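**Q**
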Amino acid sequence: MKNKAPKKSYVRPRIILCAAMFFVFFAVIFAKAVQLQVVEGERFKKLAERQHTKTVSIQPKRGEIYDRNSRELALSLEVDSVYANPDKVRDHRMAARALEPVLSVKRAELEKRLASDAGFVWLKRQVDLSDDQRKTLDGIKGIGLTRESRRYYPNRGLAANIIGFTGVDANGLEGVELRYDGMLRGASVSRVGEKDAKGRVLLYEDMDKGHQSSGQVVELTIDKSIQFIAEKALKKAVEGAQAKGGMAVVMEPFTGEVLAMAALPSFDPNEIKRFNPKEWRNKAVVDAFEPGSTLKLFLIAGALEENTVKPNDLFFCENGAYRVADRVFHDAEKHGYLTVSDVIKHSSNICAAKIGAKLGKGGLYKYMKSFGFGEKTGIDLPGETSGALKHYKNWSGVSTETISFGHGVAVSGIQLANAVSAIANGGFLMKPYIVRSVKDKHGKAAAETAPSVVRRVISDETAGKLTKMLIGVTGAGGTGAKAAIEGFEVAGKTGTAQKPDLKNGGYEKGAYMASFVGFIPAKNPRLVILVVVDEPQGEYYGGAVAAPAFKEIAEESLAYLGVFSSLRGKALTGTASGDVSANVTTGVYKAVSSQAQGDGLASGAKAVVPDFTGKTMRSVLRMAKAASLDVDVVGSGTAVSQMRGANGKVVVRFE
375 MKNKAPKKSY VRPRIILCAA MFFVFFAVIF AKAVQLQVVE GERFKKLAER QHTKTVSIQP
435 KRGEIYDRNS RELALSLEVD SVYANPDKVR DHRMAARALE PVLSVKRAEL EKRLASDAGF
495 VWLKRQVDLS DDQRKTLDGI KGIGLTRESR RYYPNRGLAA NIIGFTGVDA NGLEGVELRY
555 DGMLRGASVS RVGEKDAKGR VLLYEDMDKG HQSSGQVVEL TIDKSIQFIA EKALKKAVEG
615 AQAKGGMAVV MEPFTGEVLA MAALPSFDPN EIKRFNPKEW RNKAVVDAFE PGSTLKLFLI
675 AGALEENTVK PNDLFFCENG AYRVADRVFH DAEKHGYLTV SDVIKHSSNI CAAKIGAKLG
735 KGGLYKYMKS FGFGEKTGID LPGETSGALK HYKNWSGVST ETISFGHGVA VSGIQLANAV
795 SAIANGGFLM KPYIVRSVKD KHGKAAAETA PSVVRRVISD ETAGKLTKML IGVTGAGGTG
855 AKAAIEGFEV AGKTGTAQKP DLKNGGYEKG AYMASFVGFI PAKNPRLVIL VVVDEPQGEY
915 YGGAVAAPAF KEIAEESLAY LGVFSSLRGK ALTGTASGDV SANVTTGVYK AVSSQAQGDG
975 LASGAKAVVP DFTGKTMRSV LRMAKAASLD VDVVGSGTAV SQMRGANGKV VVRFE
């Protein structure tokens, strides 16, 4: 029997074929997976995240602004902001119709926003919604809510020109809000939330917990009560004179702290859209004006310091008319011979021009610059002007005379008040400031401002002589008699300057700046006050228009501070006469007090040394003056130790 040939097997080729098919199939899947997960992985990941999650940048609560006594000036409140995901909104017209009464936005504007190609649009930010209104929004697909911080100013327009305001994104746009924006804002953080079926963002309370950096708290030198007093008095003066506007500044002469700074016109930062940029201006910092006769203070200061004149030197005032080159200068009243003291008292332009000529243009320029005119004071507010003071080499043939009585030069309100503070404090030009400290949310100081001496401008002796002259201005027959306050000696100076015509050259007819600046009590100054009224109608002299406002601010502020005259049966706070001086080169302050007056102390007697530790420099200086103590003060900040020095003085160390 023959054997049959075996059949050829097809199993193995089939297996190979199937394996090959599976290999190709899985290779395609693998390749697609590589494409989706590796090559285009990031793109699809972002698409998925965009569809299911949303990253929201959360700006922390903006820091508060307080006055020097921790009273609130600016706060932040949590409010609703409404947004839309346009591609999720089914019917734009119906949605706009439902949203219009809730958001108080015109239907056409809402339809325009809902028709946007963007994935996210704001419908209205920082809006106050009721629970019913929130329910209405919840029922509209594609519409969402988020919480944002809105700035609120509890005192409305009080100190508005100092504080400024913020934009809708809580960014500072004017004033302290702008100057300290970085500290007030804090650092923003990102939070991720999932979207629900309606496209609304769900943020989890515990997400990124503890990573927010809240804004810091800013404490101003401003005293809310004195600010109110200044604004009230300025408004009364401006309205009474039917004036265009005005400004007022109140300063602490020994430290450079600004206690009040008022400006008219003003605004309400809670309703900023109702006002125009001209009303936002802090006139005392950003506006420059010709000061008029108030500048005679610094002319006489320079002439006394250089020993060019003495208080009793006589000058002939030409009976009211005096020709220099092609100009004829006039006085408001005709005078013959006047002493230098009476030149200040009666505010003679003619005799001031003669004193200026005697001092010389180089000397006049030197003292104008030394008192800070023609340069910024460095106050921590935005937009400060440097004023205008040309170098004397560029002066005309009559510039020495005109600048001597306050024309041909431009100053700012803060420059003028700060320069007068240098006379009040014994000869030191201080750097003015508006912010005392910046603190974190735990109350720890992140930054503090200490009093800073710019330079000595005149001697104690010159400052004393000039103070006596300025007291005469508010006495009987002086141009500032309406600034006199019963029971107090008031040192001050009036100013009346015709406004320059910036379009046509020369001066505007009938347009004046009326001013009064001074300090009180004259021999132990607590306050330096400047009042300027812009374009008063009718009577326009500084003594008639601005001096009464000075008096009102001074009287009410001193009463608020607890400083009373002896006529009211109370001793004046800090009645020991004296001055505060400083060694500019070493940075050591020295309070030099003369004999104690009152309080039952014998002439020349010294009081028991008080405990200065923990006190500020200003408090130490005032306590020393009140106790008739000689102290040497070293360092800055808060007093940490004290000891009796070899020379008998008390040495107080600050850190």
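Just so we're aligned, residue 375 is where the sequence shown starts under the numbering used here, counting upward by one. We put the beta carbon where it would ideally sit given N, CA and C, even for glycine. Everything numeric in this text was worked out from a predicted model, so none of it was measured.
Quick one: what does DSSP say TRP654 is sitting in, helix, strand or coil?
**A** Here TRP654 sits in helix by DSSP.
**Q** Closest by CA to ASP454, which one among LEU497, PRO756, VAL812, VAL831?
**A** Here the closest residue by C-alpha is LEU497.
**Q** Closest to PRO825 by C-alpha separation, out of VAL1014, ASP985, ASN545, LYS805, would be which residue?
**A** The candidate whose alpha carbon is nearest that of PRO825 is LYS805.
**Q** Less than 7 Å between the CB of SER826 and some heavy atom of the ligand FMN, yes or no?
**A** Annotation note on the ligand FMN: not contained in the displayed structure, which lists no ligands.
**Q** Quick one: using the 10 Å Cβ neighbour count with 16 as the cut-off for buried, is ASP716 buried or exposed?
**A** ASP716 comes out buried.
**Q** Report back the beta-carbon spacing between ALA658 and VAL623 to the nearest angstrom; my notes put them in contact at under 8 Å.
**A** Rounded, the Cβ-Cβ distance is 5 Å, consistent with contact.
**Q** When the distance is taken between beta carbons, is PHE745 closer than 8 Å to ALA796?
**A** The answer is yes: Cβ separation under 8 Å.
**Q** At 3 residues or longer, what runs of the beta strand (DSSP E) sit wholly inside the region 459 to 518?
**A** Counting only runs of 3 or more, we get 495 to 501.
**Q** Using the three-state DSSP reduction, which class does ARG436 fall into: helix, strand or coil?
**A** Reduced to three states, the DSSP call for ARG436 is coil.
**Q** Quick check: the region 596 to 603 against the region 620 to 639, are at least 3 beta-carbon pairs closer than 8 Å?
**A** Contact holds: three or more Cβ-Cβ distances are below 8 Å.
**Q** Measuring CB atoms only, is the region 611 to 625 touching the region 898 to 909, in the sense that at least three cross pairs come out at less than 8 Å?
**A** With a cut-off of 8 Å, the region 898 to 909 and the region 611 to 625 count as touching, because enough Cβ pairs lie within range.
**Q** Are ALA706 and SER778 closer than 8 Å when you measure CB to CB?
**A** No. Outside cutoff.
**Q** Over what stretch of residues does the beta strand (DSSP E) that includes GLU775 continue unbroken?
**A** Unbroken run through GLU775 is the alpha helix (DSSP H), 773 to 778; no beta strand (DSSP E).
**Q** In this structure, how does DSSP classify GLY948 when only helix, strand and coil are distinguished?
**A** Per-residue confidence for GLY948 stands at a pLDDT of 35, beneath the threshold of 50, marking its modelled position as unreliable; no derived number is given.
**Q** If you follow the alpha helix (DSSP H) that LYS732 is part of, which residue opens it and which one closes it?
**A** 723 to 733 is the extent of the alpha helix (DSSP H) around LYS732.
**Q** Give the secondary structure of ALA637 by DSSP, where H, G and I count as helix, E and B as strand, and everything else as coil.
**A** If DSSP states are grouped into helix, strand and coil, ALA637 belongs with the strands.
**Q** Which of helix, strand or coil does DSSP assign to ALA956?
**A** Below a pLDDT of 50, predicted positions are generally treated as unreliable, and ALA956, at 35, falls in that range; no measurement from the model is reported.
**Q** On a Cα-Cα basis, can you pick out the residue from LYS435, ALA675, CYS392, GLU822 that is closest to THR595?
**A** Comparing Cα positions, the closest option is GLU822.
**Q** Would you say ILE456 and LEU477 are within 8 Å of each other, going by their C-beta atoms?
**A** According to the sequence as given, residue 456 is Val; it is not Ile. Contact: yes.
**Q** Just grab the DSSP bridge partners of LYS1072 for me.
**A** The chain is shown only over 375 to 1029; residue 1072 falls outside these bounds and no answer can be derived.
**Q** So GLN590 packs on LYS813, CB below 8 Å; how close in whole Å?
**A** About 6 Å separates the two Cβ atoms, so the contact holds.
**Q** Closer than 6 Å by C-beta to MET625: which residues in its own chain qualify, once you throw out the five before and the five after it? Chain order, please.
**A** For MET625, where only same-chain residues beyond five positions count, the Cβ hits under 6 Å are VAL632, ALA791, SER795, VAL902.
**Q** Of the choices ASP555, ILE845, LYS989, whose alpha-carbon is the least far from that of LYS435?
**A** Per the Cα distances, ASP555.
**Q** Which same chain residues, not among the five before or five after SER993, have their C-beta less than 7 Å away from its C-beta?
**A** No residues qualify anywhere along the chain.
**Q** Around the C-beta of PRO756, are 16 or more other C-beta atoms found within 10 angstroms, so that it is buried, or is it exposed?
**A** With 16 or more Cβ atoms within 10 Å of its Cβ, PRO756 is classed as buried.
**Q** If you compare alpha carbons, which of ALA534, PHE494, PRO528, GLN500 is closest to ILE517?
**A** Checked all of ALA534, PHE494, PRO528, GLN500; the closest Cα to ILE517 is PHE494.
**Q** What span of residues does the beta strand (DSSP E) with SER715 cover, start to end?
**A** SER715 -> not in any beta strand (DSSP E); alpha helix (DSSP H) instead, spanning 714 to 720.
**Q** Relative to the C-alpha of GLY1032, which residue among SER444, PHE689, PHE400 is closest?
**A** Residue numbering for the chain in the displayed model covers 375 to 1029; residue 1032 lies beyond these limits and cannot be assessed.
**Q** How about LYS801 and VAL847: do their beta carbons lie closer than 8 Å?
**A** Residue 801 is actually Gly in this sequence, not Lys. Result no, Cβ atoms of GLY801 and VAL847 do not sit closer than 8 Å.
**Q** I'd like to know whether the C-beta atoms of TYR914 and TYR934 end up nearer to each other than 8 Å.
**A** Cβ distance not < 8 Å, so TYR914 and TYR934 don't count as in contact.
**Q** Verify whether the separation of the beta carbon atoms of PHE893 and ALA784 is less than 8 Å.
**A** Result no, Cβ atoms of PHE893 and ALA784 do not sit closer than 8 Å.
**Q** Under 8 Å, with one C-beta from each stretch per pair, do the region 698 to 705 and the region 723 to 739 reach the 3-pair mark?
**A** Yes, they touch.
**Q** Between the Cα of PHE689 and those of LYS732, ARG530, LYS509, spot the shortest distance and give me the residue it belongs to.
**A** For PHE689, the nearest C-alpha among the options comes from LYS732.
**Q** DSSP three-state label for VAL983, please.
**A** If DSSP states are grouped into helix, strand and coil, VAL983 belongs with coil.
**Q** Please classify LEU391 as buried or exposed, where buried requires at least 16 other C-beta atoms within 10 Å of its C-beta.
**A** By the neighbour-count rule (16 or more Cβ atoms within 10 Å), LEU391 is not buried but exposed.
**Q** Output yes or no for whether 8 Å exceeds the beta carbon distance between LYS743 and LEU712.
**A** Against a cut-off of 8 Å, the Cβ pair of LEU712 and LYS743 comes out as no contact.
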